[in-house]
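Trainee:
Numbering (our numbering), first residue to last: 6 to 105.
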């Protein structure tokens, strides 16, 4: 069972309390109507799939309901840290992960 800490509630709870919401820090197009089909394909479907630390977005579905970001190691499935939405990416070296 994965345990996740909500950075807003500051509670560590089982993953069933949360919902995965995709890759974190995805930059939205500034001019959506000016995007080609290929650009939309890239934006909607192409995501990173690293072996190791991965920046993800989660929602505390059965708690405060807020979205937050997390760094999860895709090899061990361990959460290295969670942080509030809008905060900058944490430095992976300070978390013990490999910098990417």
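For every residue, glycine included, the Cβ atom is placed at its ideal position computed from N, Cα and C.
State buried or exposed for residue 37, treating a residue as buried only when at least 16 other CB atoms are found within 10 Å of its CB.
Mentor: Numbered from 1 along the chain shown, position 32 holds the residue referred to as residue 37. Answer is exposed; the Cβ neighbour count stays below 16.
Trainee: Out of curiosity, what's the CA-to-CA distance linking residue 16 and residue 97?
Mentor: Residue mapping note: residue 16 aligns to position 11 of the chain shown, counting from 1. Residue mapping note: residue 97 aligns to position 92 of the chain shown, counting from 1. Going by the C-alpha atoms only, they are around 23 Å apart.
Trainee: Nearest CA to the CA of residue 100: which residue from 91, 92 and 77?
Mentor: Taking the chain shown and counting its residues from 1, the one referred to as residue 100 is at position 95. Nearest of 91, 92 and 77 to residue 100, Cα basis: 77.
Trainee: Mind checking residue 12: buried by the 16 CB within 10 Å criterion, or exposed?
Mentor: Within the chain shown, the letter at position 7 stands for residue 12. Burial call: buried.
Trainee: Measure the C-alpha to C-alpha separation of residue 66 and residue 93 and round it to an integer number of angstroms.
Mentor: Here residue 66 refers to the residue found at position 61 of the chain shown. Here residue 93 refers to the residue found at position 88 of the chain shown. For residue 66 and residue 93, the distance between alpha carbons rounds to 23 Å.
Trainee: Please state whether DSSP places residue 44 in a helix, a strand or coil.
Mentor: Here residue 44 refers to the residue found at position 39 of the chain shown. If DSSP states are grouped into helix, strand and coil, residue 44 belongs with the helices.
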